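The structure under discussion appears below in the form of structure tokens.
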Amino acid sequence: MQVEVFSQGFDAPWGFELLPDGRALVTERTAGLTLLAADGARLATIENVPPSFVKLQGGLFDVVAHPQFATNSTLYLSLAHGTQKHNTTRVVRAVLRDNALVDVTVIFDSTPKGTAVHYGGRLAFMLDGTLLVTTGEGADYREHAQRLDSLLGKVIRLNDDGTIPQDNPFVGRDQAQPAIWSYGHRNPQGLCVDAKTGSVYVAEHGPRGGDEVNFIERQANYGWPIATHGIDYPGSRISPFDSYPGMREPLVYWTPSIGVGGVAVYRGEMFPEWDGDIFITALGGRHLRRIDVAGAEVVKQERLLEDLQARFRQVEIGRDGALYVVVESIGDRPHSGRILRITRPIRPAPTVDSSRPST
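Position one of the sequence shown corresponds to residue 0 (numbering that gives the first Met the number 0), numbered consecutively onward.
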């Protein structure tokens, strides 16, 4: 691998999106939205970004471009909205025009909570053009992850205008939120859609142990807090069950926790040996992890970039197969957030000794 700094000087970068023309967008949880050139140079600070509730884990989260961004310039942002006593995971839709957001429209708010933690906040488009949103369960509201009348602790599925797809599993069901796609999640801060197969993966934080990567399916229950491989922070058991009938088991889990962040499935020509592998960023574990999978089985795991001792927040796959890795911070250094670009080194052509006669 060849690792280079694509862009740097960020304060807690959270979301990263590559645009069709090669430019990129970066969200900073405490700061705002920045537009980058194809070479990583800063082009502009985007204006008219909706204010967010910045406290503890709250702030500005993810950014994704509409699948037809090249023609409609439409973006989606997730953020914490409200006050300490009443805040939500919010999603807005807007048009990027002249380095500013216009036509800003709220298309989703989760169930309100009174904590400034466990927001989820990842966004991704499915291959059918619908938008997925992850929501956390707010820590003090963990039972809501199992409640279908609550939007906490869920994967949400929306049309691109925020309306509800009529084939969502709980449409028309009494006492159920029709936006729910899957449930039983704790704090899913990683979300991706496999560009080849359309499969959906979520990475979510456990408490002390029990960080998970889950293969997401329609209407499935992923167990939290009834089934978990983790224990509570004081050391007490959350549940006597690490699995439970009718609830899905994770594809892979880690005890102790590694502090999972983003997730991506590798599809690209630059590293063909990685095709179909899953990449996970580790915040507390301070590394990028490659998971070699065969079907539903984990073959092996590999830690990358450990020498940087950085908190890794997100990973994206470029159109050329390069990996873009969002570093939240390096140690305790302020404004040490950066975007790394991982490529395959170009081997120099063999030299020919012209002083020797040819034969």
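Each residue gets a CB set at the ideal place from its N, CA and C atoms; glycine is no exception.
Please read these numbers as outputs of a predicted model, since none were measured by experiment.
DSSP state of residue i mapped onto helix, strand, coil
{"i": "R207", "result": "strand"}
{"i": "R337", "result": "strand"}
{"i": "A69", "result": "helix"}
{"i": "P271", "result": "helix"}
{"i": "E248", "result": "coil"}
{"i": "A43", "result": "strand"}
{"i": "S357", "result": "Caution is warranted here: a pLDDT of 48 is assigned to S357, below 50, making its placement in the model unreliable, and the coordinate value is therefore given only provisionally. Coil, per DSSP."}
{"i": "H80", "result": "strand"}
{"i": "L32", "result": "strand"}
{"i": "R236", "result": "coil"}
{"i": "A37", "result": "coil"}
{"i": "Q313", "result": "strand"}
{"i": "L74", "result": "strand"}
{"i": "E27", "result": "strand"}
{"i": "L303", "result": "strand"}
{"i": "R141", "result": "helix"}
Cβ neighbours of residue i in the same chain (closer than 6 angstroms, five flanking residues each side left out)
{"i": "V101", "result": "V94"}
{"i": "I179", "result": "K153, F169"}
{"i": "S256", "result": "G205, G208, D210"}
{"i": "G229", "result": "G205, P206, R207, G208, G209"}
{"i": "K54", "result": "A115"}
{"i": "W273", "result": "Y265"}
{"i": "P111", "result": "H85, T87"}
{"i": "A23", "result": "L17, L35"}
{"i": "S149", "result": "T110, H143"}
Cα-Cα separation between residue i and residue j, rounded to whole angstroms
{"i": "P271", "j": "L322", "result": "13 angstroms"}
{"i": "T358", "j": "R343", "result": "With a pLDDT of only 44 at T358, under 50, the local geometry of the prediction cannot be trusted, and no value is derived from it."}
{"i": "D20", "j": "D319", "result": "13 angstroms"}
{"i": "T29", "j": "N167", "result": "34 angstroms"}
{"i": "T73", "j": "Q67", "result": "8 angstroms"}
{"i": "T82", "j": "R92", "result": "21 angstroms"}
{"i": "A79", "j": "Q176", "result": "20 angstroms"}
{"i": "T26", "j": "I45", "result": "10 angstroms"}
Beta-carbon contacts of residue i that lie in its chain and below 7 angstroms, excluding the five residues immediately before and after
{"i": "N158", "result": "T129, P164"}
{"i": "F214", "result": "S198, Y200, L250"}
{"i": "R337", "result": "V4, S6, Q7, F9, V326"}
{"i": "A64", "result": "E16, L18, L74"}
{"i": "A363", "result": "Summary: the structure shown does not reach residue 363, with the chain confined to residues 0 through 358, and so no result is reported for it."}
{"i": "T227", "result": "G205, G209, I237, S238, D241"}
Proximity winner among the options, relative to residue i (alpha-carbon distances)
{"i": "I277", "options": "Q218, V212, R312", "result": "V212"}
{"i": "E248", "options": "V298, R312, L55, E203", "result": "E203"}
{"i": "I155", "options": "G137, A138, D127, A123", "result": "A123"}
{"i": "P12", "options": "E216, T33, R346", "result": "T33"}
{"i": "I329", "options": "R285, L35, V314", "result": "R285"}
{"i": "Y243", "options": "A219, A64, P333", "result": "A219"}
{"i": "R332", "options": "V314, A309, G120", "result": "A309"}
{"i": "R141", "options": "G183, Q174, G171", "result": "G183"}
Neighbourhood of residue i by C-beta, 8 angstroms cutoff - its chain only, sequence neighbours within 5 removed
{"i": "V48", "result": "G31, L32, L59, L76, L100"}
{"i": "R346", "result": "none"}
### Message
With a threshold of 8 angstroms, are at least 3 pairs of Cβ atoms found where one atom belongs to the segment 139 to 154 and the other to the segment 221 to 229?
### Response
yes
### Message
Under 8 angstroms: do the segment 261 to 270 and the segment 186 to 197 share three or more Cβ pairs, one atom per stretch?
### Response
yes
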